[in-house]
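Peer 1:
Here it is in structure tokens:
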């Protein structure tokens, strides 16, 4: 009984996420040329870490992430282009965001 309720809650949560998640977050701007040298160096390191994190994603996950975030393609269109379901594409996006957040900590 408890397992059934937990499974139902999980399905409801995924359905809600699928309705409301938008993956069009803007990437932060690069520091201005007038920024202190330490800040520019720190920003470069963060950028390199983010690039390395994206490169380390599983291939399909990386493709979905790049299509959605870099090419501003809707998740449904990216899923169709790659021949995967919309929910699988959203899972890939969530994984990519989680890995990027973990790398930033």
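In our numbering, the protein residues as written are 38 to 142. Backbone N, C-alpha and C define an ideal beta-carbon position, used for all residues, glycine too. Keep in mind that this is a model prediction, so the values were computed, not measured.
Tell me where the alpha helix (DSSP H) around residue 125 begins and ends.
Peer 2: In the chain shown, the residue the question calls residue 125 occupies position 88. Taken as a continuous stretch (DSSP letters only), the alpha helix (DSSP H) holding residue 125 covers 123-141.
Peer 1: By Cβ distance, which residues of its chain are closer than 7 Å to residue 110, with the 5 residues on each side in sequence left out?
Peer 2: On the chain shown, position 73 is the one that residue 110 refers to. Hits under 7 Å: 104.
Peer 1: By the 10 Å Cβ neighbour count, where 16 or more other Cβ atoms means buried, how is residue 127 classified, buried or exposed?
Peer 2: Residue mapping note: residue 127 aligns to position 90 of the chain shown, counting from 1. Classification for residue 127: buried.
Peer 1: Just mark residue 101 as buried or exposed, buried being the case when its beta carbon has 16 or more other beta carbons within 10 Å.
Peer 2: Counting from one through the chain shown, the residue named residue 101 turns up at place 64. So residue 101 counts as buried.
Peer 1: Return the first residue and the last residue of the alpha helix (DSSP H) that residue 119 is part of.
Peer 2: Residue 119 sits at position 82 when you count from the first residue of the chain shown. 112-119 is the span of the alpha helix (DSSP H), which, as asked, contains residue 119.
Peer 1: Is residue 112 buried or exposed, if buried means 16 or more other CB atoms sit within 10 Å of its CB?
Peer 2: Translated into positions along the chain shown, residue 112 becomes position 75. The residue is buried, with at least 16 neighbouring Cβ atoms inside 10 Å.
Peer 1: Pull up the CB-CB distance for residue 94 and residue 136, whole angstroms please, since I reckon it's below 8 Å.
Peer 2: Position 57 of the chain shown, counted from the start, is the residue given in the question as residue 94. Position 99 of the chain shown, counted from the start, is the residue given in the question as residue 136. With 8 Å as the limit, residue 94 and residue 136 qualify as a contact, their Cβ atoms being about 6 Å apart.
Peer 1: For residue 141 versus residue 99, is the C-beta distance shorter than 9 Å?
Peer 2: As a first step, residue 141 must be located in the chain shown, where it is residue number 104. As a first step, residue 99 must be located in the chain shown, where it is residue number 62. Not in contact: residue 141 and residue 99 (Cβ atoms no closer than 9 Å).
Peer 1: Which whole-angstrom value describes the C-beta separation of residue 125 and residue 117, a residue pair presumed to lie in contact below a C-beta threshold of 8 Å?
Peer 2: Counting from one through the chain shown, the residue named residue 125 turns up at place 88. Counting from one through the chain shown, the residue named residue 117 turns up at place 80. Their Cβ separation, rounded to whole angstroms, is 12 Å, which puts residue 125 and residue 117 out of contact at 8 Å.
Peer 1: Rounded to whole angstroms, what is the Cα-Cα separation between residue 43 and residue 49?
Peer 2: Working through the chain shown from its first residue, we reach residue 43 at position 6. Working through the chain shown from its first residue, we reach residue 49 at position 12. Going from the Cα of residue 43 to the Cα of residue 49 covers about 10 Å.
Peer 1: DSSP on residue 38, reduced to helix/strand/coil?
Peer 2: For the purposes of this step, residue 38 is taken as the residue at position 1 of the chain shown. Reduced to three states, the DSSP call for residue 38 is coil.
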